[in-house]
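Here is the structure we will look at, set down as structure tokens.
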Amino acid sequence: ITQKVWKVIFHDYMESFGFWKLTGVTLEWEAFKKLEPYEKRSKAKLFTSSYWLWISINPLHMATAYSIIANGGIYIRPNIIRKMKYPDGRVFTYKKEITHRVIQESTSKIVSSMLVDSVNNWVAKNWKVEWYTIAWKTWTSQIPRNWKYEIGEWSTWGSFAWFGPYEDPKFVVVVKLDRPKVSNYGGQTSAFIFADIASYLFDYYGIPETSEIKRLGVN
Numbered sequence: 141i142t143q144k145v146w147k148v149i150f151h152d153y154m155e156s157f158g159f160w161k162l163t164g165v166t167l168e169w170e171a172f173k174k175l176e177p178y179e180k181r182s183k184a185k186l187f188t189s190s191y192w193l194w195i196s197i198n199p200l201h202m203a204t205a206y207s208i209i210a211n212g213g214i215y216i217r218p219n220i221i222r223k224m225k226y227p228d229g230r231v232f233t234y235k236k237e238i239t240h241r242v243i244q245e246s247t248s249k250i251v252s253s254m255l256v257d258s259v260n261n262w263v264a265k266n267w268k269v270e271w272y273t274i275a276w277k278t279w280t281s282q283i284p285r286n287w288k289y290e291i292g293e294w295s296t297w298g299s300f301a302w303f304g305p306y307e308d309p310k311f312v313v314v315v316k317l318d319r320p321k322v323s324n325y326g327g328q329t330s331a332f333i334f335a336d337i338a339s340y341l342f343d344y345y346g347i348p349e350t351s352e353i354k355r356l357g358v359n
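The working numbering applies: residue 141 is where the sequence shown begins, and numbers increase by one.
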């Protein structure tokens, strides 16, 4: 796929998704790594970037990327503050800010379906959330240090990202564990935390089950 896309378009997609730049969220000390010019990326770097080597992002970047897919390909600037009230009584309310389209809506639907099908039918085991269709993906990475990767036990990041319900997304959540000790893999560690979070959120906010959403005709 990266051979067909090639350097310039691949670079543009990474930039459009918001990787390698500040998200602008209202938090101090947000970390990021600057985007390397595509002219400096060798063929080897391009190909290995397709499975996420040489790409440095923080969990908020990943959550924003899943939000883009959940929102039909639209980038919505992340924010954690709903409103601010000043001592003099003034109130400032933050509004949802849509900045640009990253991918076509049809593409976001295809990717969403892939996230639902591949995990629900091939990966999900005891951490599947009953009665809901969710788009999710586990991922595990070795921890880089001094231009090498750590090896052995407790040398990975085990992560899990999801949005749901698939038919009418309400939540995007990223679970990231540093050096999990039970297993090196996200599917055997952070996935169970995801299941607890998802079950709690759907119950607390009274989110209709997938069958009910389909009955109501929500797309």
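Quick reminder that beta carbons are idealized off the backbone N, C-alpha and C, glycines included.
Values in this document were obtained by computation on a predicted structure and should not be read as measured data.
Closest residue to residue i among the options (Cα-Cα distance)
i	options	result
valine 251	Asn211, Val145, Val148, Ser295	Asn211
threonine 239	Thr296, Gly213, Phe311, Ser253	Gly213
alanine 205	Leu167, Thr163, Gly298	Thr163
valine 312	Lys183, Ser207, Trp146	Ser207
serine 323	Ser281, Trp160, Ala203	Ser281
lysine 183	Lys144, Val165, Phe342, Ala203	Lys144
threonine 247	Ile283, Pro218, Ile209	Ile209
phenylalanine 303	Ala331, Trp276, Glu176	Trp276
aspartate 308	Lys288, Thr296, Lys249, Ser330	Lys249
proline 218	Thr233, Leu200, Lys310	Leu200
tryptophan 192	Lys310, Ser339, Ile283	Ile283
Cα-Cα separation between residue i and residue j, rounded to whole angstroms
i	j	result
tyrosine 133	glutamate 290	Residue 133 falls outside the range modelled here, since the chain spans only 141 to 359, and no answer is possible.
isoleucine 243	tryptophan 294	36 Å
proline 305	glycine 229	38 Å
lysine 321	phenylalanine 150	35 Å
isoleucine 274	valine 256	6 Å
threonine 360	methionine 154	Missing from the structure shown is residue 360; the chain here goes from 141 to 359 and no further.
arginine 363	tryptophan 194	The chain is shown from 141 up to 359; residue 363 falls before or after that span and cannot be answered.
lysine 268	alanine 335	7 Å
threonine 142	lysine 225	48 Å
lysine 180	tryptophan 160	15 Å
glutamate 245	proline 227	43 Å
methionine 254	serine 351	20 Å
leucine 175	lysine 236	26 Å
serine 258	alanine 331	15 Å
lysine 185	valine 165	30 Å
Residue i - containing alpha helix (DSSP H), residue span
i	result
phenylalanine 334	330-344
isoleucine 220	Counting along the chain, isoleucine 220 falls outside any alpha helix (DSSP H), and DSSP gives it neither H nor E.
aspartate 152	142-156
threonine 208	The amino acid occupying residue 208 in the given sequence is isoleucine; threonine does not appear at that position. 199-210 is the extent of the alpha helix (DSSP H) around isoleucine 208.
phenylalanine 232	No alpha helix (DSSP H) contains phenylalanine 232, which is instead part of the beta strand (DSSP E) from 231-233.
threonine 188	183-189
Element boundaries [beta strand (DSSP E), containing residue i]
i	result
glutamine 282	275-282
serine 299	296-304
lysine 316	311-318
tyrosine 215	214-216
threonine 163	Element bounds for threonine 163: n/a, residue is neither H nor E.
isoleucine 238	238-241
Sequence-distant residues of the same chain with beta carbon closer than 7 Å to residue i, five excluded per side
i	result
alanine 171	Asn198
serine 190	Ile141, Thr142
phenylalanine 342	Tyr272
threonine 329	Gly298, Leu317, Pro320, Val322, Ser323
Cβ-Cβ separation, residue j to residue i (assumed contact under 8 Å), whole Å
i	j	result
lysine 88	serine 156	Residue 88 lies beyond the stretch modelled for the chain, which goes from 141 to 359, so this question has no answer here.
glycine 298	leucine 317	5 Å
isoleucine 220	leucine 167	7 Å
isoleucine 347	lysine 310	6 Å
Beta-carbon contacts of residue i that lie in its chain and below 6 Å, excluding the five residues immediately before and after
i	result
isoleucine 333	Val315
tryptophan 271	Glu349
arginine 319	Trp294
tryptophan 279	Ser299, Gly326
Cut-off 8 Å between Cβ atoms - residues of its own chain near residue i, not counting five sequence neighbours on either side
i	result
tyrosine 178	Lys147, Val148, Phe150, His151
arginine 241	Gly213, Ile214, Tyr215
alanine 301	Met202, Ala203, Tyr206, Trp276, Lys277, Trp279, Val312, Val313, Val314, Val315
lysine 223	Val231, Phe232, Thr233, Tyr234
tryptophan 169	none
Beta carbon proximity, residue i to chain D, threshold 9 Å
i	result
asparagine 198	Protein chain content of the structure displayed is limited to a single chain, and chain D is not contained in it.
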